[in-house]
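A short write-up of the structure that comes next.
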Amino acid sequence: MRPITVSAVIPTRNRPGSLRRTLTALAAQERLPDEVIVADASDRPSDIDALAAAHPPLSLRSFHTAPSVCAQRNEAIRRAGGSHIFLCDDDIEPPPEYLRRLEAYLVHHCEVGAVTGVISEPDAAGHFSDPFPVPGLRQLVTSFVAQRTVWADVEATTGTAFTALPLALLKGWYRRRGNTWSLAGWPLVTQVNAPIARTAIYGLGAALVRRDWLLASPYDERLGSHGIGDNYGVALGFPGDRAIILLTDLPVRHHKAQDNRLESLSAQYRRVLALHYFMRRSSRFSSLNVAFLVWSLMASAAAHGIRGRGDPFRITIRALRVIVTGRNPLLGGRTAA
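For any residue, its number in the numbering used here is found by taking its place in the sequence shown, counting from 1, and adding 1.
And the structure:
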């Protein structure tokens, strides 16, 4: 195997403080990236010379571009010289051993083309939470019935003697499904109790990926400036059924910087449209899966309505109407609005 060279690619826009924190973490890596490319779409781009002076261990360069996170990543990947790309969001803070461990896994598993640690995000109190909480039986039942996404340690769920049979059936279904997609196309990451897990879908904001894989499966620039749902399309283009290796004992902090972040309901709406778009384009999904997606949205809308959640109810109905009437703008060649 040829030596691995790593190009870190960071798309950013109007987050100078967050970008500096990410660069500081990269400069402290036990295995430094061979180069760092900042794709800067800020209204006032950062001074690259000042950033380089503040982070002398890094070989740093940047370019200014229009705001579109998918286009920013694609252009930086094209400019990169590394055999592998460290896809690094501008609010990621990897621990010092992070790149060293990702590279070590690839060196010992030449057939693998994508590896990542576990994304840890702050909760409402600002504490970084368990990436894979243990779900309760009720949550599993409702998620199964509606075929919603589940990112949780399903195997750790416990019950009583009365609930033992339904719990065993649910665990068996998720075990057979594996870390892939629900029948409605939503991501499932449920088999995570081993140090190494294979998954078909995961956030790629702190992943080390072969450059040729990313050139063959680029980020879809129709998704708009925020790129909501971009990881769906990229991962679907990777070879194999579960091409992403997840090191479950290697957490990486995602600070979820609020600057330039899309409001949550708008993000959810675009995420639904992106999922439907990629399902329609991928041979891995059928019209039956699209029907399950419609059912999943109907179930979510009903749950929001029962609980009196007016705004989530309306945004879900809006997405449902767009899908049922065949008016997804992404399928019509337009960007998400």
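Positions of the beta carbon are idealized from the N, C-alpha and C atoms, including for glycine.
Under DSSP, the alpha helix (DSSP H) around residue i begins and ends at which residues?
i	result
E264	No alpha helix (DSSP H) contains E264, which DSSP labels as neither H nor E.
G306	S288 to I307
V235	D231 to L237
H109	Y99 to H109
Q140	L138 to A147
Given a cut-off of 7 Å on the beta-carbon distance, is the pair residue i and residue j in contact?
i	j	result
V119	P252	yes
R32	L141	no
A208	L88	yes
A77	V10	yes
A40	Q73	yes
D92	H256	yes
T117	P196	no
E260	N15	The amino acid occupying residue 260 in the given sequence is Asp; Glu does not appear at that position. Closer than 7 Å, so yes.
V113	I246	yes
T181	A153	no
L168	L138	yes
R285	S121	no
R385	R262	Residue numbering for the chain in the displayed model covers 2 to 338; residue 385 lies beyond these limits and cannot be assessed.
V70	P17	no
L321	L298	yes
P34	H65	no
S60	I49	no
E266	I316	At residue 266 the sequence reads Leu, which differs from the Glu that was named. The answer is yes: Cβ separation under 7 Å.
Under a three-way DSSP split, which group does residue i fall into?
i	result
E94	strand
P34	coil
T6	coil
R16	coil
P68	coil
W214	helix
P240	coil
A162	coil
T191	coil
G333	coil
G118	strand
D50	helix
V135	coil
V155	helix
L205	coil
V39	strand
In terms of residues, what are the limits of the beta strand (DSSP E) holding residue i?
i	result
H128	Taken as a continuous stretch (DSSP letters only), H128 belongs to no beta strand (DSSP E), as it is neither H nor E.
R199	I197 to T200
H85	H85 to C89
D250	I245 to H255
H65	L61 to H65
T317	T317 -> not in any beta strand (DSSP E); alpha helix (DSSP H) instead, spanning G311 to V325.
Should residue i be flagged as near chain B, meaning a C-beta pair shorter than 7 Å?
i	result
R282	This model lacks chain B altogether; it includes just one protein chain.
Between which residues of its own chain and residue i is the CB-CB distance below 7 Å, once the five residues before and five after are set aside?
i	result
I5	S84, H85, E104, L107 and V108
F279	Y233, G234 and L237
R319	Y270
N194	D154, E156 and A157
V210	H85, I86, L88, G114 and A115
R22	E94
W214	G114, A115 and F239
Check the C-beta distance from residue i over to residue j and give it rounded, since I have them as a contact under 8 Å.
i	j	result
L276	Y220	With 8 Å as the limit, L276 and Y220 do not qualify as a contact, their Cβ atoms being about 15 Å apart.
A185	S19	Not a contact, Cβ separation roughly 33 Å.
Y203	L189	With a Cβ gap of about 11 Å, Y203 and L189 do not count as contacting.
E264	N75	Contact flag wrong, Cβ pair sits at about 25 Å.
Among the residues of its own chain, which have a CB less than 6 Å from the CB of residue i, if the five just before and after it don't count?
i	result
I324	H277
A300	A147
D124	S130
P68	R14, A42 and S226
R272	I229 and G230
V151	S144, L189 and T191
A29	P97
G160	L138 and L168
Among the residues of its own chain, which have a CB less than 8 Å from the CB of residue i, if the five just before and after it don't count?
i	result
A81	S8, V10, E36, I38 and R212
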